[in-house]
Structures are given as C-alpha cells and as structure tokens.
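The letter at position 397 of the sequence shown is residue 524 when you use the working numbering, and the numbering goes up by one with no holes. Just so you know, even glycine gets a beta-carbon here, dropped at the ideal spot from N, CA and C.
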Amino acid sequence: MTQFKQPSLRFLGAAGTVTGSRYLIEAGQRRILVDCGLFQGFKQLRRRNRRPFPVRPSMIDTVLLTHAHLDHSGYIPALVRAGFAGKVICTEASRELCGLILPDSGHIQEEQARYARRKGFSKHKNPTPLYTVKDAEAALGRFQTVGFDKVVDLGDGIYATFIPAGHLLGAAQIRLSIGGTTLHFSGDLGRQVDPLMRPPRRFEGADVLVCESTYGNRLHDPVDAEAELAPIMKRVFARGGTVLIPSFAIGRAQGLMYHIARLQKRGDIPYVPTFLNSPMAVNATDIYHRFHQEHHVSAEDCQRMFELAKQVNTVNESKELNTRHGPMIIISASGMLTGGRILHHLVSYGGDRRNAILLSGFQAGGTRGAALVDGASQLRIFGRDIPIDAEVIQLKSFSGHADADELLNWMQGAKQPPRMTYLTHGEPHASDTLRFRVEHELGWPACAPEHLETIRLDRPT
C-alpha cells in the first residue's frame with residue numbers, strides 16, 4: 128500500500144466559494160474526508176458535482192461530517208454509489224437530520240429530472256438525477272454516530288473529536304490529532320446569541336486552523352427578529368397579500384415558526400393561515416423536540432412552534448395551495464430558491480405586487496435568491512422567464528452563521544496562534560477580508576486557499 132511520507136490537507140471544495148465543503152487529509156495509510164457537500168450556485172460550480180471525484184472514492188477510509196446541511200453532506204450518496212465503503216461519522220442529531228435531508232435531496236433530483244424530461248426544457252436529451260432516494264438510503268447505512276467530546280480512533284495514530292459549533296442541531300467543529308500535529312475545522316459556526324441554538328464553543332488552539340468565512344466581510348445588523356418581521360407582515364396582510372418565505376428546511380424553518388408563533392400569541396400580527404410546505408421541515412421540527420439539550424427553546428415554545436403551521440405533505444396539497452388567495456404565510460424549501468416546491472409557489476405568487484418574498488438567510492452567488500437580492504425583475508424557472516412583481520425583502524436577523532467580529536472573537540480563545548489559518552467556505556471577497564483582519568488584528572498568518580490546493584500539515588505555509 129502507498130505510504131504518504133508527510134500528512135497533507137487538500138481543499139476539494141469550499142475554497143473560493145461558500146458551498147461544496149470537502150477536505151481530504153492523507154496521513155500514514157489513511158485518507159480521511161472532512162465533509163462531503165454539494166456545490167451550489169453558479170453553473171460552473173454545480174458542474175463539479177457531475178465530475179469524477181478528485182480521489183477514487185474506494186480509497187477513502189472515513190468521512191467525518193460537521194453537520195447535515197447539503198453543502199456539507201449532500202454529495203455522500205454519490206460518493207457511496209461511486210465506491211466509498213467506509214464509515215460516515217457524525218453526531219446523533221446530524222445522523223437524524225441526514226435521514227431527512229439526503230432522501231429528500233434524492234427525491235427532489237428525481238422529481239426535477241422527470242419534470243425536465245416531461246416539459247423538455249433540459250439541454251440534455253435524458254436528464255438524470257445526481258443520485259436517487261435509493262442511493263441516499265444506501266448511504267445512510269454507512270453512518271456511525273459519536274457524542275460530543277468523545278475521542279474517535281481513526282487508526283494510524285489519528286484521532287478525531289467533535290466539539291459543539293452551534294449553528295444547527297448536531298453541528299460540530301472537528302479537531303484532528305495526527306501524530307504530533309493538531310488540525311481544527313470550524314465547520315459552520317453559529318451566533319453568540321441565537322434564538323434557537325446555543326453558542327459555539329470557543330477555539331482552544333491548534334497547529335492548523337480551517338475556518339469558515341461566510342460572513343467574513345460583514346457584521347450582522349443588531350435587529351430583533353420579531354421587531355423586523357411584525358411590520359412587514361402587517362403591511363402585506365393589510366393589502367391582502369401573501370407572505371412567501373423560501374427557507375432552509377432544517378434550522379431556519381424552525382426559527383421562523385418560533386418567532387411567528389410568538390408574534391401571533393402577543394397579538395403583534397394577526398392570525399392568518401400559515402402553511403409549512405416541506406415534509407422534511409415538519410419532521411425536523413419534531414427532532415428539535417428530542418434534542419432539547421442542544422438548544423434553549425422551552426418545551427412550551429417548541430410545542431407552539433410545532434403546532435403553528437398546517438403541514439402540507441402531498442403534491443396535490445401543494446398544488447392546491449397555489450390556487451388560494453388572500454393573507455397567508457407559506458414557508459417552503461429551498462432557502463436559496465435552487466429547487467423544491469418553493470419554485471412552484473414563486474411561479475404562482477411572484478407576479479403579484481400585493482405579495483412579498485422574504486429571503487431569510489445567506490444567498491450564494493448564482494442562485495435565484497441572490498438574483499432577487501440584486502433586484503432581478505424576472506427569474507428563470509422550469510425553462511421559462513417568470514416575472515417578479517412581489518415585494519422582495521432580505522431579512523437581516525435570521526443568519527445562522529457567525530459574523531466577522533464573532534469569528535474573530537471565537538478565534539481569540541486560543542492561547543497560541545496556529546502556524547497557519549486557512550479561510551474557506553466564503554465568497555472570495557469575504558474570505559480575503561477576514562484574512563486581512565486575522566493577520567492585522569490577531570497577528571496570525573492566514574490565507575484563503577485555492578480549489579484543489581494541497582498543503583503539508585507539518586509545514587502549512
């Protein structure tokens with residue numbers, strides 16, 4: 128077998144972009160992949176999902192998963208189908224959420240491929256999904272769970288520890304010990320003050336740090352979520368409009384329902400029909416009931432959040448929803464308008480100026496959500512240009528990611544600076560802005576790596 132003389136780290140994704148989180152560590156006779164996510168956004172990024180994986184999947188021993196979001200977990204079924212036969216190690220809550228997310232992702236891809244074939248708007252004669260529900264279910268059989276702060280022996284003197292990251296149920300930072308070198312992956316870090324999740328544990332130091340930089344060039348506005356939502360909803364309902372909220376089914380949908388339920392209980396907004404058109408989000412809300420130790424929502428508020436919306440489960444129920452009129456709230460995935468049932472609602476409601484589209488999180492470049500933020504008056508959906516006359520509002524209070532100041536504060540927990548800090552999972556300007564601040568405010572060496580760049584862990588410069 129091949130001996131790797133020195134441990135190395137290769138950036139297979141999330142370098143120069145927010146999505147496609149994939150990091151390959153080679154040490155001794157081991158190949159370990161941290162995260163295995165989908166590329167999203169610009170077409171040239173999405174094309175990477177269809178290319179052969181940069182390393183033969185059968186040669187990878189283990190996947191360590193920071194959390195369940197698709198840009199971190201969504202390529203796992205394709206990796207397994209291509210020959211990966213090792214374990215996917217993650218926290219228990221991440222395994223539960225992946226049990227929802229991955230089959231749903233396969234279902235959406237199958238559905239979109241069928242719809243494209245039927246309507247004939249694909250450039251491919253026979254469009255096929257990247258993977259299927261069956262592929263996703265097979266991949267879930269490779270998952271193995273571990274508790275926070277438990278040390279996992281990966282062989283060849285390599286050990287992994289999962290550390291709370293906030294951000295989402297089950298989300299973890301991952302710390303690797305490789306011989307005499309420590310390597311720390313931040314994963315996606317949550318906020319210091321979040322309505323649902325507890326804050327991330329501070330960074331305690333490592334030889335090499337790989338840190339996310341999604342909001343590396345900006346600060347979150349100090350806006351109270353309920354104070355932001357209430358006037359918007361009252362304004363839209365007063366003109367007879369519908370509030371359409373594209374939402375990530377895991378995390379964001381639960382936060383929205385939590386705040387809307389509180390506003391209705393206090394009488395700050397009127398009771399209107401509220402629909403959660405995402406079976407995955409419905410099931411994820413139930414998971415929040417079972418992992419109370421990871422968030423700080425009371426059992427009473429959690430139950431109220433769960434009961435707020437009418438659950439839309441079937442395709443026929445979803446189609447019927449598009450025939451309704453008048454004041455109501457529709458929450459549906461996906462959060463960046465990349466697919467799912469929300470696109471059908473957008474076709475039905477986006478052209479009416481009485482309605483409003485509330486964007487509730489980060490919109491990666493190249494997505495329909497980002498186009499709306501930039502003022503697009505029409506969107507390409509199902510092969511057609513759909514006019515958008517509805518009011519578009521980018522909410523400022525719903526990010527699940529630490530901002531630039533919070534990232535720096537998290538890093539300052541280290542007693543000694545890393546030999547190198549690599550800033551990933553951000554658009555180029557965000558990563559480079561945070562690099563400048565790390566170098567000049569903390570005095571740490573830092574850089575934003577390039578896609579497919581390989582570095583030696585014993586001298587990471």
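Quiz item: Going by the CB atoms, is the gap between VAL474 and ILE520 shorter than 8 angstroms?
Solution: no
Practice problem: Pick out the complete alpha helix (DSSP H) segments inside the stretch 380-433, 4 residues or longer, and give them in chain order. | Solution: 406-417
Quiz prompt | Among PRO291, ALA154, THR341, the one whose alpha carbon lies nearest that of LEU550 | solution = Of the candidates PRO291, ALA154, THR341, THR341 places its Cα closest to the Cα of LEU550.
Quiz item: If you measure from the beta carbon of PRO373 to each beta carbon in chain C, is any gap under 8 angstroms?
Solution: Absence of chain C from the displayed structure is noted, only one protein chain being present.
Quiz item: Based on the DSSP output, what are the partners of ILE301 in its beta bridges?
Solution: PHE289, PHE312
Quiz item: Leaving out five residues before and five after ILE469 in sequence, what residues of the same chain have Cβ atoms less than 7 angstroms from its Cβ?
Solution: PRO373, SER459, ALA460, SER461
Practice problem: Look at the alpha carbon of ARG495 and the alpha carbon of THR218, and state the distance between them as a whole number of angstroms. | Solution: 32 angstroms
Quiz prompt | Cβ neighbour criterion (16 or more within 10 Å) applied to SER185 | solution = exposed
Quiz item: Apart from the five residues on each side of it in sequence, which residues of its chain come closer than 6 angstroms, Cβ to Cβ, to GLY201?
Solution: Around GLY201: GLY164, LEU165, SER232.
Quiz item: Between the C-alpha atoms of HIS567 and THR441, what's the straight-line distance to the nearest angstrom?
Solution: 54 angstroms
Quiz item: When we look at the beta-carbon of LEU579 and count the other beta-carbons within 10 Å, is it buried (16 or more) or exposed?
Solution: exposed
Quiz prompt | Runs of alpha helix (DSSP H) wholly within the stretch 458-534 (minimum 4 residues, chain order) | solution = 469-476, 495-500
Quiz item: Which class does LYS542 belong to by DSSP, given the choice of helix, strand or coil?
Solution: coil
Quiz item: Quick one, which of GLN239, ARG137, ARG177 has its alpha-carbon nearest PHE509's?
Solution: If we check each option's Cα against that of PHE509, GLN239 comes out closest.
Quiz item: From VAL399 to PRO358, what distance separates their C-alpha atoms?
Solution: 15 angstroms
Self-check item: Closest by C-alpha distance to TRP571, when choosing among PRO587, GLN167, VAL278
Solution: PRO587
Quiz item: Applying the criterion that 16 or more other CB atoms from any shown protein chain within 10 Å of the CB defines a buried residue, is ARG137 buried or exposed?
Solution: buried
Quiz prompt | Local Cβ density within 10 Å of LEU95, reported as buried at 16 or more and exposed below that | solution = Absent from the structure is residue 95, since the part of the chain shown begins at 128 and ends at 588.
Self-check item: Given GLY343 as reference, the closest of ASP559, ARG302, ASP585 once Cα atoms are compared
Solution: ASP559
Exercise. Closer than 8 angstroms by C-beta to ALA292: which residues in its own chain qualify, once you throw out the five before and the five after it? Chain order, please.
Key: THR193, HIS194, ALA298, ALA299, GLN300, SER313, GLY314, ASP315, LEU316, GLY317, PRO327, ARG328
Quiz prompt | Assigned secondary structure, LEU192 (DSSP; H/G/I helix, E/B strand, else coil) | solution = coil
Quiz item: Taking only runs of the alpha helix (DSSP H) that begin and end inside the stretch 181-240, which ones reach a length of at least 4 residues, in chain order?
Solution: 197-200, 203-208
Exercise. Classify PHE563 as buried or exposed, calling it buried when 16 or more other Cβ atoms lie within 10 Å of its own Cβ.
Key: exposed
Quiz item: Below 8 angstroms between beta carbons: does that hold for LEU191 and ILE216?
Solution: yes
Exercise. With a 10 Å radius around its C-beta and 16 neighbouring C-beta atoms as the bar for buried, classify ARG158 as buried or exposed.
Key: So ARG158 counts as buried.
Quiz item: Which residue spans inside the stretch 137-179 form an unbroken beta strand (DSSP E) run of at least 3?
Solution: 150-155, 157-161
Self-check item: Between the CA atoms of PRO204 and MET538 - distance to the nearest angstrom
Solution: 33 angstroms
Quiz item: Going by other Cβ atoms of all chains shown within 10 Å of its Cβ, with 16 needed for buried, is ALA426 buried or exposed?
Solution: exposed
Quiz item: By how many angstroms is the C-alpha of ARG389 removed from the C-alpha of ARG431?
Solution: 8 angstroms
Practice problem: Quick one: using the 10 Å Cβ neighbour count with 16 as the cut-off for buried, is THR146 buried or exposed? | Solution: buried
Quiz item: Short check: CB of MET384 to CB of ALA436, under 8 angstroms?
Solution: yes
Quiz item: Looking only at C-alpha atoms, which of GLY282, LEU323, PHE169 sits nearest to HIS416?
Solution: LEU323
Quiz item: So the beta strand (DSSP E) THR259 belongs to, where does it begin and stop?
Solution: Looking at the DSSP string, THR259 is not in any beta strand (DSSP E), and its letter there is neither H nor E.
Quiz item: Between which two residues does the alpha helix (DSSP H) harbouring GLU355 extend?
Solution: 352-365
Quiz prompt | Spatial distance of ARG511 from THR465 (CA atoms) | solution = 15 angstroms
Self-check item: For ALA333, three-class secondary structure by DSSP
Solution: DSSP, read as helix, strand or coil, puts ALA333 in coil.
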